[in-house]
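Asks: Protein chains in written order, with this note's numbering: chain A, 1 to 307; chain B, 1 to 307.
No residue lacks a Cβ here, since even glycine has one placed at the ideal position from N, Cα and C.
Protein chains: 2
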Amino acid sequence: MKMIVAGAQIGGIQKDEPREAVVSRMMALMEQAHQKGAEFVIYPEMTLTTFFPRFYVEDRAAFDHWFETQMPNAATQPLFDLARRLEIGFTFGYCELTPEGLHYNTSITVSPEGEIVLKYRKTHLPGHTEYEAERSHQHLEKRYFLPGDTGFNVVRNQGVVMGMAICNDRRWPEAWRVLGLQGVELVTIGYNTPSQNNLSAEEGIERRVYHHELSVCAGAYQNSTYAVAVAKCGMEDGNHMFAGSIIVDPDGYVIARTTGEGDEVIVAECDFDKCAFGKQTVFNFAAHRRTEHYGRITAQTGMKIEV
Amino acid sequence: MKMIVAGAQIGGIQKDEPREAVVSRMMALMEQAHQKGAEFVIYPEMTLTTFFPRFYVEDRAAFDHWFETQMPNAATQPLFDLARRLEIGFTFGYCELTPEGLHYNTSITVSPEGEIVLKYRKTHLPGHTEYEAERSHQHLEKRYFLPGDTGFNVVRNQGVVMGMAICNDRRWPEAWRVLGLQGVELVTIGYNTPSQNNLSAEEGIERRVYHHELSVCAGAYQNSTYAVAVAKCGMEDGNHMFAGSIIVDPDGYVIARTTGEGDEVIVAECDFDKCAFGKQTVFNFAAHRRTEHYGRITAQTGMKIEV
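(1) Less than 8 angstroms between the C-beta atoms of Glu-174/A and Tyr-294/B, yes or no?
(2) Give the straight-line distance between the Cα atoms of Thr-193/A and Leu-48/A, rounded to the nearest whole angstrom.
(3) For the region 187-238 of chain B, list the beta strand (DSSP E) runs that are entirely contained and at least 3 residues long, ordered along the chain.
(4) Output the boundary residues of the alpha helix (DSSP H) element that contains Phe-80/A.
(5) Near Gly-127/B, which residues of its chain fall below 7 angstroms by C-beta distance, leaving aside the five closest residues on each side in sequence?
(6) What is the DSSP secondary structure of Phe-242/B, counted as helix, strand or coil?
(7) In or out: Tyr-131/A buried (at least 16 other Cβ within 10 Å) or exposed?
(8) Look up Ser-107/A in the DSSP assignment and say whether it is helix, strand or coil.
(9) Would you kindly work out how many angstroms separate the C-alpha atoms of Ser-224/A and Met-30/B, rounded to a whole number?
(10) In its own chain, which residues sit with a C-beta less than 8 angstroms from the C-beta of His-34/B, not counting the 5 before and 5 after it?
(11) Per DSSP, which residues does Ile-42/A bridge with? Please list them.
(12) Which of helix, strand or coil does DSSP assign to Tyr-120/B?
(13) Might you give, ordered along the chain, the residues of its own chain that have their beta carbon closer than 8 angstroms to the beta carbon of Gln-158/A, omitting 5 neighbours on each side?
(14) Output needed in chain order: residues of the region 26-60 of chain B with a Cβ under 8 angstroms from some Cβ in chain A.
(15) Which residues in the same chain have their Cβ closer than 8 angstroms to the Cβ of Val-254/B, if we skip the five residues on either side of it in sequence?
(16) Start and end of the alpha helix (DSSP H) containing Glu-20/A?
(17) Checking contacts by CB at 8 angstroms: is Gln-138/B closer than that to chain D?
(18) Under 8 angstroms between C-beta atoms, does Gly-159/A make it to chain B?
(19) If you follow the alpha helix (DSSP H) that Val-161/B is part of, which residue opens it and which one closes it?
(20) Along chain B, which residues have their Cβ under 8 angstroms away from the Cβ of Glu-141/A?
(21) Classify Thr-298/A as buried or exposed, calling it buried when 16 or more other Cβ atoms lie within 10 Å of its own Cβ.
(22) Exposed or buried, what is Asn-197/B when buried is set at 16 or more other beta-carbons lying within 10 Å of its beta-carbon?
(23) Against chain A, does Thr-123/B count as a neighbour if the rule is that its beta carbon must be under 8 angstroms from one of theirs?
(24) Using DSSP with H/G/I as helix, E/B as strand and the rest coil, what is Asp-149/B?
(25) So what's Asp-251/B in DSSP terms, helix, strand or just coil?
(26) Near Asp-273/B, what residues of its chain come up, given a Cβ to Cβ distance below 7 angstroms and the 5 sequence neighbours on each side ignored?
(27) In this structure, does DSSP put Ala-61/B in helix, strand or coil?
(28) Whole angstroms are fine: how far does the CA of Gln-77/B sit from the CA of Gln-300/B?
(29) Can you give me, in chain order, the residues of the region 229-254 of chain B that have a beta carbon less than 8 angstroms from any beta carbon in chain A?
(30) Could you confirm whether any beta carbon from chain A is found closer than 8 angstroms to the beta carbon of Gln-222/B?
(31) Got a sec: is the Cβ-Cβ distance from Gln-182/A to anything in chain B below 8 angstroms?
(32) How many whole angstroms separate the CB atoms of Val-161/B and Val-184/B, which I take to be in contact at a CB cut-off of 8 angstroms?
(33) Helix, strand or coil: which one does DSSP assign to Leu-125/A?
(34) For Glu-300/A and chain B, any beta-carbon pair shorter than 8 angstroms?
(35) Please identify the residue among Arg-170/B, Arg-156/B, Gly-7/B whose C-alpha is closest to the C-alpha of His-288/A.
(36) Beta carbons nearer than 7 angstroms to chain A: which residues of the region 145-174 of chain B have them?
Here it is, written out as structure tokens:
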């Protein structure tokens, strides 16, 4: 089963840019992807707004305007309409405020019929909860979001077993494995990643892009799945986030990558039958995994030094 | 805490090469490592013999001569003696036959005082149990060994939290994470890896070395630990195994690598204090892991496609 998939990287979205303007950019990228033959498009994490967790606000509710209370909504409906017209499935991230008043960093997978077939709420929130002066910039995801309550699920969309992860999730092999155990063939990941580690002057863009790519390639290889990781990147409100969007094959090789830091489409023809070989041989989980020795992974959250 | 560690790669060991000759080669490498200032030396998996799982024998007991019934024994005692004299700790792999008649692919960590401070029995045995004609070569680890019963433990040796993995274990993030949850600072890995995938003519040495390095670098980065992976390699009984021994830092970067396919020592000064930064920030497990969403990792062995 072959399908051309597209990563639609988005350049920085400034604080005062309205959703409608962002959605127009998303639609232009979808048109480009369609022209390249793509049938599924992956957009970044938090596609509709600036990455506001870099800003501290004492009253969290003052940031509720960054959140969507329904999806689709007036601003995003044109994107859903275009996708249905082009018969394209897609996934993108946004900030979700539920009717119960809960805040999540969310992504959805949408079928070519325009139906939301899977929702995922980010599990591994990086950063911190309170203002921390020693950091070169703030990263307050733990302040503005709850850890996701969905876990890592998959859906069969357009014939492919798809699952989602968001940004920091890609560094956690647990996320990949839970998807792998469900037979995932395409892991879609959106991210907004600052080019500088806010606690280490030494760790700049080169090292951070390496960590990003290392994690995505290892996750894809070790679960024999395609993976598409797509950035919101470049300068945003005076802060730089790295680009480096990639499409990775089930052997862990990058088969497409962006070249710039702005709005940009990359495509690759994915032969999803290629996922089977690894799943049946070196990563035949039933034959090789030994869960009796993995107990700490679920029984123990933090590190315990006992020696 | 800084220490120079050495990887002691070993070229092929032919079928009729006696243990004593191999131990002499190991001792020569230990002397070289000592001259380079190393205080800990990592040798490969199954260091004492040829990689016999490439051979099929109907009566498994006919291969018991590849196994050690005690350790140290007459053949390896000179290595233990030399290490004690040089005040060097070390680890190496061998095939273990227990008093109960059980067969394991084992490695041990030995203190500079010559004491075996940790034993590990390989968990993730690759390959198959019966002769399979469609393979380009046999890989009968599942025939000759039981899956290890030790699990992944750590020991504090020479001030460093050390843990072991063997060969195929390095591809399994579960192994790394169980060690990481115990605060590991140095993961030692020996391997014997054929340069050709025996079920895929397409997958030759380049791809296989990439998978090896990808797995070790990701495991080190995602657990903020040093890792040293050491090959037995080159031509062995007419079969080629890749070299590519590496020392990897807690950022997932290769900081030393072998250049040839024979007996060769590599060293790197490891600053084990560098493990702390990752463990306290991006991989602060207590702050970021969400075990409530990892249930499948321990509850489910094989892949289940439910969509």
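Replies: With the structure as the only source:
(1) Judged by their CB atoms, Glu-174/A and Tyr-294/B are nearer to each other than the 8 angstroms cut-off.
(2) Approximately 16 angstroms between the Cα atoms of the pair.
(3) Runs of the beta strand (DSSP E) spanning 3 or more residues and lying entirely within the region 187-238 of chain B occur at 226-236, in chain order.
(4) Per DSSP, Phe-80/A is one residue of the alpha helix (DSSP H) stretching across 77-86.
(5) Shown here for Gly-127/B: same chain residues with a beta carbon closer than 7 angstroms to its own, the five before and five after excluded, namely Pro-53, His-139, Leu-140, Glu-141, Lys-142 in chain order.
(6) Note: Phe-242/B maps to coil in three-state DSSP.
(7) The residue is exposed, with fewer than 16 neighbouring Cβ atoms inside 10 Å.
(8) The answer is strand: DSSP assigns Ser-107/A an E or B state.
(9) One C-alpha to the other measures close to 39 angstroms.
(10) Excluding its 5 nearest sequence neighbours in each direction, His-34/B has C-beta neighbours in its own chain below 8 angstroms: Leu-86, Ile-88, listed in chain order.
(11) Under DSSP, the beta-bridge partners assigned to Ile-42/A are Gly-7/A, Thr-91/A.
(12) Strand.
(13) Cβ-Cβ distances below 8 angstroms link Gln-158/A to Met-3, Glu-39, Phe-40, Gly-89, Ser-111, Pro-112 in the same chain, with the five nearest sequence neighbours on each side left out; the list follows chain order.
(14) If the cut-off is 8 angstroms between Cβ atoms, the region 26-60 of chain B has nothing near chain A.
(15) Short of 8 angstroms from the beta carbon of Val-254/B, and not among the five residues preceding or following it, lie these beta carbons of its own chain, in chain order: Glu-213, Cys-217, Ile-246, Ile-247, Val-248.
(16) Glu-20/A: member of the alpha helix (DSSP H) spanning 19-35, first to last residue.
(17) In the displayed structure, chain D is absent; the protein chains listed are A and B.
(18) Residue-level contact check: Gly-159/A does not touch chain B, since none of the beta carbons of chain B fall below 8 angstroms from its beta carbon.
(19) Run containing Val-161/B: none in the alpha helix (DSSP H); it sits in the beta strand (DSSP E), 160-166.
(20) The contacting residues do not exist; Glu-141/A stays about 10 angstroms from chain B at best.
(21) So Thr-298/A counts as buried.
(22) Asn-197/B comes out buried.
(23) Chain A contact via Cβ: present.
(24) The DSSP-derived three-state label of Asp-149/B is coil.
(25) Asp-251/B sits in coil when the DSSP states are folded into three classes, being neither helix nor strand.
(26) A distance below 7 angstroms between beta-carbons, with the five flanking residues on each side excluded, links Asp-273/B to the following residues of its chain, in chain order: Met-1.
(27) Ala-61/B falls in the helix class under three-state DSSP.
(28) Their backbone Cα atoms lie some 43 angstroms apart in a straight line.
(29) Result list: Asp-251, Gly-252, Tyr-253.
(30) Cβ-Cβ to chain A under 8 angstroms: yes for Gln-222/B.
(31) Yes - at least one Cβ of chain B is within 8 angstroms of the one on Gln-182/A.
(32) Going by Cβ atoms, the distance from Val-161/B to Val-184/B rounds to 5 angstroms, so yes, they are a contact pair.
(33) Here Leu-125/A sits in coil by DSSP.
(34) Residue 300/A is actually Gln in this sequence, not Glu. So yes, Gln-300/A belongs to the interface.
(35) Out of Arg-170/B, Arg-156/B, Gly-7/B, Arg-170/B has the C-alpha closest to the C-alpha of His-288/A.
(36) Hits within the stretch, in order: Pro-147, Gly-151, Phe-152, Val-154, Val-155, Arg-156, Val-161, Arg-171, Pro-173, Glu-174.
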